[in-house]
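Chemist:
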Amino acid sequence: MKHFLLAAALILSAPAVMACETVTIGDLTIEHAWSKATIGAGRPGVFYVEITNAGSVDDALIGIATPAAGMPMLHETVVKDGIASMPHAMSIPVPADQNVQLSPGGYHGMLMGLTTALKEGASFPVTLSFEKAGEVTVNVDVLSLRAEGPDCADAVQ
Amino acid sequence: MLGVGAYRTRKQPTRSDLLPVPIGEMTWTLTDHLGRSVRPADWAGRPVMVFFGFTWCPDVCPTTLSDISLWLEELGADADRMIVALISVDPERDTPDVLADYVSNFDQRILGLTGSADEVAQAAADFRATYRRVAKDAGDYTMDHTAGVFLFHPDGRFVSIIDFHEDRRFAVPKIRRTLS
Ligand SMILES: [Cu+2]
Numbered sequence: 009m010k011h012f013l014l015a016a017a018l019i020l021s022a023p024a025v026m027a028c029e030t031v032t033i034g035d036l037t038i039e040h041a042w043s044k045a046t047i048g049a050g051r052p053g054v055f056y057v058e059i060t061n062a063g064s065v066d067d068a069l070i071g072i073a074t075p076a077a078g079m080p081m082l083h084e085t086v087v088k089d090g091i092a093s094m095p096h097a098m099s100i101p102v103p104a105d106q107n108v109q110l111s112p113g114g115y116h117g118m119l120m121g122l123t124t125a126l127k128e129g130a131s132f133p134v135t136l137s138f139e140k141a142g143e144v145t146v147n148v149d150v151l152s153l154r155a156e157g158p159d160c161a162d163a164v165q
Numbered sequence: 003m004l005g006v007g008a009y010r011t012r013k014q015p016t017r018s019d020l021l022p023v024p025i026g027e028m029t030w031t032l033t034d035h036l037g038r039s040v041r042p043a044d045w046a047g048r049p050v051m052v053f054f055g056f057t058w059c060p061d062v063c064p065t066t067l068s069d070i071s072l073w074l075e076e077l078g079a080d081a082d083r084m085i086v087a088l089i090s091v092d093p094e095r096d097t098p099d100v101l102a103d104y105v106s107n108f109d110q111r112i113l114g115l116t117g118s119a120d121e122v123a124q125a126a127a128d129f130r131a132t133y134r135r136v137a138k139d140a141g142d143y144t145m146d147h148t149a150g151v152f153l154f155h156p157d158g159r160f161v162s163i164i165d166f167h168e169d170r171r172f173a174v175p176k177i178r179r180t181l182s
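In the order they appear, the protein sequences are chains A and B.
For the first sequence, the working numbering gives the first residue as 9, with consecutive numbering after it.
For the second sequence, the working numbering gives the first residue as 3, with consecutive numbering after it.
This is the structure we're talking about:
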C-alpha cells in the first residue's frame with residue numbers, strides 16, 4: 009500500500025490531543041471518526057464515524073481502506089432474540105438529508121489484520137468510499153477501550 | 003434530520019422457558035482471571051450480574067463492559083458486594099491471563115471467567131445463554147452470543163435481563179433492585 013510508510017509515521021508520532029477532524033466531499037460531511045485501543049495487533053480494531061448528507065441525492069458508504077489494517081470491512085451489529093452477531097454490511101445507506109452514525113452497537117468498520125496495536129492517543133487515516141461522492145480520507149482518533157464516543161466540542165454523545 | 007443507526011432498538015423480554023435457573027441450582031465450574039476456581043456456591047448471598055462475551059469482540063463486548071463500568075460507578079460502594087462477571091464464550095483464546103489484561107481496562111469489580119469448552123458450555127446452559135462460532139477468512143473466527151446482562155438477587159433468584167445498550171435510566175434501577 010503506497011501510503012503505508014507515511015501512515016506508519018503518523019501513527020508513531022500522533023499527538024495525544026484528539027484531532028476531531030471534519031472533512032467534506034460534495035454534500036457529505038464526515039466527522040467524529042474514532043476507534044478503540046486494542047490489546048496487541050491480533051485482535052480486530054473498530055472504526056466509528058458520523059456522516060451527514062446535506063444533499064438531495066441518496067448515497068452509500070461502500071467500503072473503507074486503511075494502512076492500519078490488512079482487511080478492513082463494514083459490519084453491522086445485529087441483536088436478534090437476544091443474540092448479538094456482526095454480519096458483513098455490503099453498503100451503508102447515506103440517504104439524502106440524513107445523518108448516519110457508525111457507532112457502538114450498530115454499523116461499524118471492522119479492522120481485521122491490524123498492522124500494529126492501536127494505542128490510545130494515536131491516530132490513523134481511513135479512506136471512505138462512497139457510491140456517488142467518491143473517496144475521502146479522515147484521521148481517526150484512538151480512544152481507550154472503555155470510551156463510548158469522542159469528546160469533541162460538538163460531538164453527539 | 004433523522005438519526006440512523008445510532009442505537010439499536012431493544013428486543014422483547016426473553017421467553018420465560020428460557021430464563022436462567024437460580025444460581026444455587028447451577029452446576030458449572032469456571033476459572034477467574036486470577037486463576038482461581040469459581041463455583042456457583044461461592045456466590046451465595048451476593049447479588050450477581052453476569053454477561054457473556056469474548057475479548058476478540060470489538061463492538062458489543064467493550065461497549066457492554068463500558069456500560070457496566072458506568073453503572074457500577076453510579077452505584078458506587080452500594081455495588082461492592084455484587085459479583086460482576088464476564089463469562090468468555092471463546093475459551094480457546096480467552097485464557098485467564100488474556101482476560102486479566104482485558105478486564106483491567108474496565109471497572110475493577112468486573113471478573114473475567116473462562117474454562118474448558120465443556121465448562122463454558124455448562125455455564126451457558128445454566129444461564130440459558132447461547133453462543134456460536136462463526137468462521138471468517140483465513141481460519142479466523144468470531145462468536146455470536148447472548149448479549150444481555152443477567153441479574154440475580156442475593157438468594158440466587160434470577161431477577162431480570164438488561165438488554166444490550168439499555169438506557170442507564172432503566173439499567174441502574176434494575177441493578178439496585180438486586181442490591182437490597
Ligand atoms: Cu464487526
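Cβ coordinates follow ideal geometry from the N, Cα and C atoms, glycine included.
These numbers come from a predicted model, not from an experiment.
Name the residues in the stretch 44-58 of chain B whose C-beta lies less than 9 angstroms from a C-beta of chain A; which are they?
Modeler: Result list: Gly55, Thr57, Trp58.
Chemist: Have a look at Glu58 of chain A and Ala43 of chain B and give me their C-alpha separation to the nearest angstrom.
Modeler: The straight-line gap from Cα to Cα measures roughly 47 angstroms.
Chemist: Against chain A, with Cβ distances strictly below 8 angstroms, would Ala149 of chain B count as a contact?
Modeler: Chain A contact via Cβ: present.
Chemist: Taking 7 angstroms as the cut-off, does the CB of Met94 of chain A come closer than this to any heavy atom belonging to ligand 1?
Modeler: Answer for Met94 of chain A: yes, Cβ within range of ligand 1.
Chemist: Pull up the DSSP beta-bridge partners for Leu36 of chain A, would you.
Modeler: Per DSSP, A:Ile33, A:Asn61.
Chemist: Counting only Cβ pairs nearer than 8 angstroms, list the residues of chain A close to Asp92 of chain B.
Modeler: None at all; the shortest Cβ gap to chain A is about 11 angstroms.
Chemist: Got a sec: does ligand 1 put a non-hydrogen atom nearer than 7 angstroms to the Cβ of Met145 of chain B?
Modeler: No.
Chemist: If we define contact as Cβ-Cβ less than 8 angstroms, is Lys127 of chain A a contact residue for chain B?
Modeler: No, Lys127 of chain A lies away from the interface with chain B (no Cβ there is under 8 angstroms from its Cβ).
Chemist: Are any of the Cβ atoms in chain B nearer than 8 angstroms to that of Gln165 of chain A?
Modeler: Confidence at Gln165 of chain A is low in this model, with a pLDDT of 45, below 50, so its placement is unreliable and the value that follows should be read with caution. No, because no Cβ of chain B sits closer than 8 angstroms to the Cβ of Gln165 of chain A.
Chemist: Starting from the beta carbon of His167 of chain B, find every residue of chain A whose beta carbon is closer than 7 angstroms, and list them in chain order.
Modeler: Chain A residues near His167 of chain B: Gly113.
Chemist: Between which two residues does the alpha helix (DSSP H) harbouring Pro175 of chain B extend?
Modeler: First-last of the alpha helix (DSSP H) with Pro175 of chain B: 170-181.
Chemist: Would you say Thr6 of chain A lies against chain B (beta-carbon separation less than 8 angstroms)?
Modeler: In the structure as shown, chain A starts at 9 and stops at 165, and residue 6 of chain A therefore has no counterpart that could be examined.
Chemist: Would you say the beta carbon of Pro60 of chain B is closer than 7 angstroms to some non-hydrogen atom of ligand 1?
Modeler: Yes, Cβ of Pro60 of chain B sits closer than 7 angstroms to a heavy atom of ligand 1.
Chemist: Taking 7 angstroms as the cut-off, does the CB of Met84 of chain B come closer than this to any heavy atom belonging to ligand 1?
Modeler: Met84 of chain B: no, Cβ never under 7 angstroms from ligand 1.
Chemist: When you compare the CB of Val185 of chain B with every CB in chain A, is at least one pair closer than 8 angstroms?
Modeler: Look at the range of chain B in this structure, 3 to 182, and you will see that residue 185 of chain B is not part of it.
Chemist: Got a sec? Which residues, its chain only, sit under 6 angstroms from Leu113 of chain B by beta carbon, not counting five neighbours each side?
Modeler: Excluding sequence neighbours, Leu113 of chain B sits near Asp34, Ala87.
Chemist: Is Ala8 of chain B close to chain A, meaning its C-beta is less than 8 angstroms from at least one C-beta of that chain?
Modeler: Low per-residue confidence applies at Ala8 of chain B: pLDDT is 37, beneath 50, and the placement is therefore not dependable enough to give any value.
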